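Okay, so here's the structure we're looking at.
Residue numbers (my numbering): 9 to 742.
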């Protein structure tokens with residue numbers, strides 16, 4: 009096979025229009041490059057099954073958590089470490105303290121008293137510590153053997169001396185022979201799952217396969233980061249970094265290795281994001297805008313409210329993009345109730361006024377219908393034809409919409425995933441708006457864009473996105489921010505209450521309903537769960553309807569209802585036939601009920617802060633005073649209670665999202681699977697902003713040919729970019 013070389017041309021390298029994912033490769037060499045990728049001779053890329061001690065059964069369990077190759081296995085890093093030199097000796101334990109102790113199992117057995125219990129006695133060089141179990145005895149008896157070295161964690165209690173009851177434990181070494189194989193004092197403890205443990209791949213089992221694989225294959229790992237960048241950032245070699253992450257010589261060296269690997273992760277991801285943006289910028293759209301005329305001005309003039317300065321600024325930014333020859337790529341952020349739909353409507357109307365089609369895709373039918381009602385009202389009296397297409401659109405109406413879209417007779421369509429169907433074709437789609445982008449996959453966004461000829465793109469979200477997430481998940485988009493609420497809107501007053509306050513809360517709701525207002529009561533579950541004992545919405549609905557508010561019209565809506573029933577119920581609430589709506593988080597986004605002034609959220613500790621902020625946004629959508637009441641059974645001294653207190657004291661969506669990111673991570677904030685955001689193994693999106701900025705700067709410089717790359721490095725980078733694997737070593741292990 010002849011050597012593959014990426015040739016410099018334009019932005020970094022030449023563009024390859026035939027590849028869906030990456031473009032930094034010379035098209036004349038594409039076939040050779042794909043062939044090179046298909047027949048990699050690097051042993052580290054072999055299937056994990058061939059690692060000593062793995063085999064087919066363990067390989068299947070590893071693949072379930074994303075570990076397919078030997079390289080994947082070597083990037084399965086410890087979740088924490090045991091430094092035996094820093095542990096509290098048994099002789100120094102104090103009653104009531106939270107401890108982690110490492111000791112050797114000396115004796116074990118079932119002891120009979122008034123209540124039988126199982127005792128395991130562990131010892132270190134300073135003394136003995138009894139471990140007590142009253143339940144799960146058979147499991148402990150089979151799991152822990154004399155001579156094992158184990159790590160145990162828990163709170164020291166006193167019963168004729170210090171002891172640990174039902175401690176968390178982990179087998180560090182099975183016997184003395186195994187212990188002697190470990191030369192360092194810092195012991196890696198690996199993340200595992202129930203599936204891995206079934207095939208004996210707990211932390212100890214993983215050590216037994218990772219250590220020999222590390223010794224044999226670490227030097228063969230392929231480093232995507234070019235040598236010039238690694239030298240500029242003073243990064244140790246990849247193999248050394250991986251070794252020090254598994255078996256660090258010291259915690260200082262482990263931190264150096266963590267920085268090295270985090271920068272490599274972030275650089276790889278930044279390269280894909282910036283490359284995607286560069287490819288988009290190379291496109292030339294065929295559509296252009298006509299200047300707004302009197303008819304368009306009349307649409308703005310008919311608005312029943314005055315646009316805020318923030319809305320005017322954002323509309324100006326979008327208009328500027330729409331006039332460019334390159335397609336727009338813009339993220340519109342705005343807190344709940346800030347008026348994003350109006351901005352989308354006016355900008356889509358400008359395209360429609362110029363003779364082009366626009367489409368808005370929403371994640372749920374309820375939200376799509378809400379958008380349709382708002383947009384149709386704003387555009388009433390204009391010549392712009394608007395349609396709604398969802399999964400429940402009747403067949404005859406769907407056929408008519410499908411025909412009119414392909415014929416260009418519909419200017420603006422609002423819909424759900426139904427817009428992605430193969431039979432939906434446009435005559436001249438020039439503008440795509442995706443609402444609540446993090447609820448869609450990147451592929452779905454691209455599928456809708458592919459129905460036009462390089463259309464402009466705007467994605468909207470009411471979830472304020474911290475800067476670190478904006479640079480990673482949405483790094484290929486320009487950002488516009490509506491940071492101002494419409495005039496007359498009053499802040500929603502928030503309060504945190506205990507479950508014992510329900511009588512007072514219900515009286516308050518009854519009083520609000522008596523004034524002609526409406527209320528939401530939100531529950532986190534639809535049906536009873538044995539694992540999570542929370543009051544379910546269905547059970548609570550019956551209680552509230554018959555026992556608490558028998559004289560009111562109480563409704564129930566949740567995601568498991570049939571679509572038509574859900575739509576009818578919501579219509580009854582919108583039109584005031586239902587006073588109190590019992591619901592799950594199906595109402596989290598986009599439901600606009602001006603008469604709703606109270607939202608009661610049960611078991612508030614089960615929600616993320618950003619989700620609570622979204623729910624709070626369902627009220628306060630008029631000039632009336634509105635209230636958000638959180639109910640929790642958590643103790644006031646608990647971390648969960650303090651988190652909810654912070655929420656009630658804050659109305660700034662960005663401040664809440666930053667706090668949520670720190671407490672829950674990006675997965676819970678945006679939804680990793682939907683957003684396309686990778687599960688970084690090493691990088692920390694909460695604390696690594698400086699590394700994110702550094703990696704992004706290096707990726708930009710690379711694509712601008714600021715580094716002299718060898719032919720081999722160009723091939724390796726092109727291989728990586730064409731593969732489109734945003735994070736090749738991600739998994740579901742926790």
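For each residue, glycine too, the CB sits at the ideal point set by N, CA and C.
Every value quoted in this text rests on a predicted model; they were computed, and no experiment measured them.
Bridge partners of residue 395 according to DSSP: 421. Rounded to the nearest angstrom, the Cβ distance from residue 101 to residue 196 is 25 Å, too far for a contact under 8 Å. Going by DSSP, residue 179 is part of the beta strand (DSSP E) stretching over 176 to 181.
The bridge partners DSSP lists for residue 501 are 635.
Shown here, residue 477 sits in a helix according to DSSP, grouped into three states.
DSSP, reduced to helix, strand and coil, places residue 709 within a helical segment of the structure shown. In the pairwise beta carbon analysis, the segment 454 to 462 is classified as touching the segment 431 to 446: at least three pairs are separated by under 8 Å. At a Cβ-Cβ threshold of 8 Å, residue 613 and residue 640 count as neighbours. Of the candidates 431, 415, 401, 430, the residue whose Cα lies closest to the Cα of residue 422 is 401. Annotation: the continuous alpha helix (DSSP H) that includes residue 150 extends over 145 to 151. Distance check between residue 703 and each of 275, 610, 603, 316 places 275 closest, using alpha-carbon atoms only. Taken atom to atom, the span from the alpha-carbon of residue 137 to that of residue 67 is near 38 Å. Apart from the 5 residues on each side of it in sequence, residue 164 sits with its Cβ closer than 7 Å to the Cβ of 101, 102, 103, 104, 105, 107, 170, 172 in its chain, given in chain order.
Beyond the five residues adjoining it in sequence on each side, residue 475 comes within less than 8 Å, by CB distance, of 697 in the same chain, given in chain order.
Taking the C-beta atoms as reference points, residue 158 is found no nearer than 8 Å to residue 142. For the segment 600 to 669, the full-length beta strand (DSSP E) segments reaching 3 residues or more read 604 to 609, 635 to 640 along the chain. Each residue's CA atom was taken as its position, placing residue 471 and residue 493 some 15 Å apart.
Under DSSP, the beta-bridge partners assigned to residue 107 are 162. In the same chain as residue 380, and ignoring 5 residues on each side of it, the C-beta atoms closer than 6 Å to its own belong to 396, 422, in chain order. Look at residue 63 here: in three-state DSSP terms it is helix. In the DSSP assignment, residue 232 falls outside any beta strand (DSSP E), carrying neither H nor E.
Distances from the CA of residue 183 to each of 161, 113, 241 were compared; the closest alpha carbon is that of 113. In this structure the segment 286 to 299 touches the segment 358 to 372; the number of beta carbon pairs closer than 8 Å is three or more.
In this structure, the CA atom of residue 584 is about 58 Å from the CA atom of residue 77. Residue pairing by DSSP places residue 256 in no beta bridge whatsoever. For residue 345 and residue 79, the gap between their C-alpha atoms comes out near 47 Å. Residue 720 counts as exposed, since fewer than 16 other C-beta atoms from the protein chains shown sit within 10 angstroms of its C-beta. Bridge partners of residue 112 according to DSSP: 131, 157. For residue 415, the uninterrupted alpha helix (DSSP H) run begins and ends at 403 to 415, by DSSP. Looking at the DSSP output, residue 91 sits in a beta bridge with 194.
The segment 629 to 645 and the segment 305 to 316 do not touch, with fewer than 3 CB-CB distances between them shorter than 8 Å. DSSP, reduced to helix, strand and coil, places residue 528 within a strand of the structure shown. The alpha-carbon separation between residue 329 and residue 692 amounts to approximately 33 Å. Each of 357, 490, 644, 432 was checked against the Cα of residue 411, and the nearest Cα belongs to 432. Rounded to whole angstroms, residue 545 and residue 378 show a C-alpha spacing of 23 Å. Secondary structure note for residue 139: its beta strand (DSSP E) is the uninterrupted segment 136 to 141.
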